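Asks:
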Amino acid sequence: MRFLNAKLILTAIALLATLATQVVGQDLDKGYAAFNSKDYATALKELKPIAEKGNRLVQYDVGYLYFNGLGVSEDRKEAFKWFKLAAEQGYWKAQINIGALYMRGQGVAQDNKKAFKWYKLAAEQENDVAQYVLADMYAKGFGVTQNFKEAVKWH
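Take 6 as the starting number for the sequence shown in our numbering and just add one per residue.
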């Protein structure tokens, strides 16, 4: 009897997980269909709840919408928030954006040391753009002690 109850519970959990995945998938499809149709307000409405649940790719896309003022007023602070959530989960595109925002002081106080940190994380994932920027930062001493050896290594 105990085995049967455990089996029923596991079956119910699996069914609920499948249904939740289907619902999220449908919302994700709606969100990206709206984005592709340039209905950015609907895209944001559909994607933001998924981003709030921790999907790093969707967090990046929500940040993109805020950064560019698509479907919402341009808001660099809000963009930074969403990019950072994705960056903290290792998403290299978001790490590059966080580095750029710190370097330019957009949505956050300008800080070359923090910019360096985020570019390095993306560069370590073998992203060419991040590696180039990191090499330049080493060569010029932006956010890090000038080091030509490291600059050559990353270039």
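Heads up, the beta-carbon is just placed ideally off N, CA and C, and yes, glycines get one too.
Nothing here was measured: the structure is a model prediction, and the numbers come from that model.
How many Å lie between M108 and D116 at the Cα?
Replies: Cα to Cα, M108 sits roughly 6 Å from D116.
Asks: When you compare the CB positions of N102 and A114, do they come within less than 9 Å of one another, or not?
Replies: Contact flag unset, no.
Asks: First and last residue of the alpha helix (DSSP H) that includes V149?
Replies: It is not in any alpha helix (DSSP H) - V149 carries neither H nor E in the DSSP assignment.
Asks: Give me the residue from F85, T150 and G76 with the minimum Cα distance to Q64.
Replies: Among F85, T150 and G76, the Cα nearest to that of Q64 is on F85.
Asks: Could you tell me which of K58, D141 and Q151 sits nearest to H160, measuring between CA atoms?
Replies: Of the candidates K58, D141 and Q151, the one whose C-alpha sits nearest the C-alpha of H160 is D141.
Asks: For D141, does the three-state DSSP call read helix, strand or coil?
Replies: Of the three classes helix, strand and coil, the one that applies to D141 here is helix, per DSSP.
Asks: In chain order, what residues of the same chain have a beta carbon less than 6 Å from the beta carbon of L106, not counting five sequence neighbours either side?
Replies: So the qualifying residues of the chain are F85, G112 and V113.
Asks: With a threshold of 16 other CB atoms inside 10 Å of the CB of N60, please say whether the residue is buried or exposed.
Replies: Buried, by the Cβ-count rule.
Asks: Between the alpha carbons of L52 and G36, how many angstroms are there, rounded?
Replies: Roughly 5 Å separates the two Cα atoms.
Asks: Compute the distance between the beta-carbons of Q100 and A127, then report whether it is under 9 Å.
Replies: The answer is yes: Cβ separation under 9 Å.
Asks: Which residue's Cα is closest to the Cα of G148: K158, A156 and K122?
Replies: For the residues K158, A156 and K122, the minimum Cα distance to G148 belongs to K122.
Asks: Taking the alpha helix (DSSP H) that N73 falls in, what are its first and last residues?
Replies: Where N73 is concerned, the enclosing alpha helix (DSSP H) stretches over R61 to N73.
Asks: Once DSSP output is grouped into helix, strand and coil, what is the label at K43?
Replies: DSSP places K43 in coil when its eight states are reduced to three.
Asks: Does DSSP classify A114 as helix, strand or coil?
Replies: Coil at A114, not helix or strand.
Asks: Smallest Cα separation from K98: which of G76, S42 and V134?
Replies: Nearest option by C-alpha distance: V134.
Asks: For K58, report the span of its alpha helix (DSSP H) as first-last.
Replies: Segment: none, K58 is in no alpha helix (DSSP H) and carries neither H nor E.
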